[in-house]
Structures are given as C-alpha cells and as structure tokens.
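Worksheet: the structure to be examined is printed underneath.
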Amino acid sequence: MEKVPGSVGVVDANIEHMIRMSILHLIQLGTKHGVFKALSREPTRREALYSIGLPNKKLLLAFLSTLEGIGIVEEKNGRLALDSFSYKLDIPKEHYEALLPGWVAILEEIYRMVDYAFITPTHPHVLMDFDKDADFWDIRMNTDFAGLYRKAIIKAAEIKKGASVLDLGCGSVSPYEFGKAVGYTGFYMGVDYSPSILDIAKARVEGENLPVELRELDVRLLRPINEYDAVVISYLLEYVKPEDYGRVLFRALETLKPGGVMVLLEPFRDRFRHVEALEFFERLNSDFKRFPAMGEVREHLESEDFEISIEELGRSMLRVYKLP
Ligand SMILES: C[S@@+](CC[C@H](N)C(=O)[O-])C[C@H]1O[C@@H](n2cnc3c(N)ncnc32)[C@H](O)[C@@H]1O
Numbered sequence: 415m416e417k418v419p420g421s422v423g424v425v426d427a428n429i430e431h432m433i434r435m436s437i438l439h440l441i442q443l444g445t446k447h448g449v450f451k452a453l454s455r456e457p458t459r460r461e462a463l464y465s466i467g468l469p470n471k472k473l474l475l476a477f478l479s480t481l482e483g484i485g486i487v488e489e490k491n492g493r494l495a496l497d498s499f500s501y502k503l504d505i506p507k508e509h510y511e512a513l514l515p516g517w518v519a520i521l522e523e524i525y526r527m528v529d530y531a532f533i534t535p536t537h538p539h540v541l542m543d544f545d546k547d548a549d550f551w552d553i554r555m556n557t558d559f560a561g562l563y564r565k566a567i568i569k570a571a572e573i574k575k576g577a578s579v580l581d582l583g584c585g586s587v588s589p590y591e592f593g594k595a596v597g598y599t600g601f602y603m604g605v606d607y608s609p610s611i612l613d614i615a616k617a618r619v620e621g622e623n624l625p626v627e628l629r630e631l632d633v634r635l636l637r638p639i640n641e642y643d644a645v646v647i648s649y650l651l652e653y654v655k656p657e658d659y660g661r662v663l664f665r666a667l668e669t670l671k672p673g674g675v676m677v678l679l680e681p682f683r684d685r686f687r688h689v690e691a692l693e694f695f696e697r698l699n700s701d702f703k704r705f706p707a708m709g710e711v712r713e714h715l716e717s718e719d720f721e722i723s724i725e726e727l728g729r730s731m732l733r734v735y736k737l738p
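Be aware that the sequence shown starts at 415, since it is given in our numbering, and climbs by one per residue.
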C-alpha cells in the first residue's frame, strides 16, 4: 500500500477500520441495552421491540435490522435468533501504520449519542443535524482523516493553481482547503444546503482573499452556469436518495469542461463488507439515506450521453474523465 499523503489506499484502510470499530460499538450497545439478552429468547420482531425497554422503537428496529445485515441475527420462521456470530478482527500489519487517530474520538462521540437517541431522536445530546449541530460537523470535517481524503481528492482531480473547481455538498472545511489549492488565480465554487455550515465555511475563508464563492442550494436543484476543470463529490451521495443520483450526476457531468475530471469519494457499500455497521451510526443524521454502491454510480454515469472514462482509484474513490 502506498503510504504517501494523498493515497487512496490509506483512506480505504481507515474506512475499513471505522467499520470494524462500528461493529464493536454495536456489540457494546446490544449488550448494554439488553438487546442480546432479549434475543436469546428468540422473540418475534414485535415481541423484541416491546420487551426491550428502549422508547425509540424506530431506532431499535434499525438496530435489529443492522444486526441482521451484518449476520449477528437471523430471522427464522418469523423469530429473531442470534446466529452464533463470530468475527475475526484481522488488521493487516501495514494498516496499523496507516491508521489515523482523529476519527476515533468522533465515532466514540456518535456512539455515545445513540444512548440518547434511543430515548428520542430529538434529544439535545444528539448532535448530528447539519444546521443545528454545524459545530460538531465542522470538527468532524476537520479531522486528520478528512485532511487525508482531501489530499487524495486534490491529487486524483489534478487540482492545481489556477484551476476552477465545483464542490457539491462542500461542507465547512473544503472551501478553505480547495480554495488554497487553486490559489489566487483559480476559482472555487462550493454548494451546500446548510446555511450554518456555509457560515462556518465563510468565516474560515474570510481574510484569506481566496477566490472562493459559496452558494446555498440543494444539489438536486443545480443548474449549470459555468464550466469547471474539476468537480468534487465527497461524502454527499449518502444524503441523496438513489432515485436522485442520476439527476445530480448528470448536472455534475454537464458542468464539467471537456477534458475535465470529476472525483467521487464514498465508503461504497459494494466495496466495504459490513458497511451497515457504520451506517447505523450515520443514521442519527435524519438526512442520511445509505452509502451508495460503486456499481450503481457507475451505471448512472455510463447511461448518460457523455463521452467519459471511469477509473476506480480505490474502494472509496471513482475518477471520471470527460473526454475532450
Ligand atoms: C459529510 S459532509 C461532507 C462535506 C465535504 N464534502 C467533505 O467531504 O468534507 C456532507 C455535506 O453535504 C451537505 N449536503 C447534504 N445533502 C445535500 C444536498 N442535497 N444539497 C446540498 N448539500 C447537501 C451537508 O450540508 C454537509 O455539509
């Protein structure tokens, strides 16, 4: 595995480890809240929901489905049974070197929020809303891991001084970092639907005199005005319904200059086994849908009427060239 900054292999290794850690957190939650004890009696789903004393039944149902998804629980003749789950925590030696500490504390924070979300999804200790909890998201987007994947994006999208970049679902940190990468002679346009996230982004670029423009807009309503050398879509599609992928990807390709590059970054569900474990925690944000599959994103891209070439740069990254 390439260990230089900007390596997709290192991004993949960290995502893989986040999933492992999420599985351990799920086991902790199931034990702590008496879910495994209740399941040992092989209840129906309904009996399980009412015998486990957690008020937020919707989240409990999602928890049970997650346990099923990763193979801890199996439904047999309408009853839920523990499926003698055995899990080997196998971390290849080279992964230890690649692991970044920053995301661990964030995942721990989210794990702690689940206890409150099991009471009610609107509990004040659940801090996953983009607008209301923009500060938490800002911390999350500022970790070493986010810094690493942004370096990987800059490298893959060939973002250089003077380039023009469109970033969909830009968040609060990328505008500053990509703005610096394009420099004073370039142009960066960040689009995000959260006004609070954009306020933080603005405060970060202010005073730097960077050529950064920010627009408050739902990416599903994007209308191409300019053409860009690069389009970035990072950790966005998981908040978009799969039936809207086509529209967003079409607009993104339309806005790309011939010869331009689009980079998509996601923990693609068909590339990371047990990604459902991480999804359980991400779902505390009510806008979260599910991680996209690389296969379905490729299908959408290939079905559009554009001359493109697609490369899988790793398990979490797709690069699309619009042919000149
Ligand atoms: C997990 S953050 C990722 C931010 C940034 N791309 C990064 O990788 O650091 C997702 C961002 O997408 C924005 N977002 C989600 N759905 C959106 C939509 N339909 N239109 C515009 N922005 C959206 C959120 O407000 C949030 O800032």
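The beta carbon of each residue, even a glycine, is placed where N, CA and C say it ideally should be. Just so you know, these numbers come straight off a predicted model, no measurement behind them.
Run through DSSP, which three-state label would L521 get?
Here DSSP, grouped into helix, strand and coil, assigns L521 to helix.
Euclidean distance between Cα positions of R564 and E591:
Taking C-alpha positions only, R564 is separated from E591 by approximately 8 angstroms.
Got a sec, what are the start and stop residues for the alpha helix (DSSP H) L440 sits in?
Residues 422 to 446.
Are at least three pairs of beta-carbons, each pair with one atom in the region 665 to 675 and one in the region 626 to 643, less than 8 angstroms apart?
Taking 8 angstroms as the limit for Cβ pairs, the verdict is that the region 626 to 643 does touch the region 665 to 675.
Evaluate H382 with the Cβ neighbour count: other Cβ atoms within 10 Å of its Cβ, from every protein chain shown; 16 or more gives buried, anything less gives exposed.
For the chain, the structure presents residues 415 to 738; residue 382 sits outside this window and is missing.
What's the C-alpha gap between I441 and H688?
When rounded, the distance between both Cα atoms is 13 angstroms.
Could you tell me the distance, in whole angstroms, from the CA atom of K507 to the CA atom of G621?
Straight across, the Cα-Cα distance linking K507 with G621 is about 44 angstroms.
With a threshold of 6 angstroms (Cβ to nearest heavy atom), would V626 be considered close to ligand 1?
For ligand 1, not one heavy atom lies less than 6 angstroms from the Cβ of V626.
I believe I573 touches A595 by the beta-carbon criterion, under 8 angstroms. Please report the beta-carbon distance rounded to the nearest angstrom.
Correct: roughly 5 angstroms between the Cβ atoms.
With 16 as the cutoff for other CB atoms within 10 Å, does N623 come out buried or exposed?
N623 should be labelled exposed.
Out of curiosity, what's the CA-to-CA distance linking G485 and D497?
Just so you know, the alpha carbons of G485 and D497 end up roughly 7 angstroms apart.
Answer with buried or exposed for L491, where buried requires no fewer than 16 other C-beta atoms within 10 angstroms of its C-beta.
The amino acid at residue 491 is misidentified as Leu; the sequence shows Asn. When all chains shown are included, N491 counts as exposed.
Indicate, with yes or no, if ligand 1 has a heavy atom lying under 6 angstroms from the CB of D606.
Under cutoff, so the answer is yes.
D497 by DSSP, collapsed to three states: which one?
Here D497 sits in coil by DSSP.
Only counting runs of 3 or more residues, tell me where the beta strand (DSSP E) segments fall wholly within the region 588 to 624, in order along the chain.
The region 588 to 624 contains these whole beta strand (DSSP E) runs: 601 to 606.
Where K417 and E489 are concerned, what is the direct C-alpha to C-alpha distance, given to the nearest angstrom?
Per-residue confidence for K417 stands at a pLDDT of 42, beneath the threshold of 50, marking its modelled position as unreliable; the derived number appears in the next sentence. Straight-line Cα distance between these residues: approximately 42 angstroms.
Residue span of the alpha helix (DSSP H) that contains E713, given as start and end
Run containing E713: 708 to 717, per the alpha helix (DSSP H) assignment.
Assign T669 to buried or exposed, taking buried as 16 or more other Cβ atoms, counted over all protein chains shown, within 10 Å of its Cβ.
With 16 or more Cβ atoms within 10 Å of its Cβ, T669 is classed as buried.
Test item: CB-CB of E718 and F682 under 7 angstroms
Between E718 and F682, the C-beta gap is not smaller than 7 angstroms, which leaves the two residues out of contact.
At a cut of 8 angstroms, does the region 603 to 617 reach the region 542 to 551 through at least three beta carbon pairs?
The region 603 to 617 and the region 542 to 551 touch, with no fewer than 3 CB-CB distances between them shorter than 8 angstroms.
Quick one: residues in its chain with C-beta nearer than 6 angstroms to the C-beta of P706, no 5 flanking neighbours on either side, listed in chain order?
Only residues of its own chain outside the window of five on either side were considered, and among them L651, E680 have a CB closer than 6 angstroms to the CB of P706, listed in chain order.
Reference R493; option with closest CA among L503, E482, F499, K502:
For R493, the nearest C-alpha among the options comes from E482.
Ends of the beta strand (DSSP E) at S453?
One point to set straight first is that residue 453 is Leu, not Ser, in the sequence displayed. Here L453 belongs to no beta strand (DSSP E); instead the alpha helix (DSSP H) covers 449 to 453.
In angstroms, rounded to a whole number, what distance separates the CA positions of S723 and V734?
Using only the alpha carbons, I get a separation of about 6 angstroms.
Any heavy atom of ligand 1 closer than 6 angstroms to the beta-carbon of I437?
Result no, Cβ not under 6 angstroms from ligand 1.
G674 (DSSP reduced to helix, strand or coil)
Looking at G674 - three-state DSSP - the assignment turns out to be strand.
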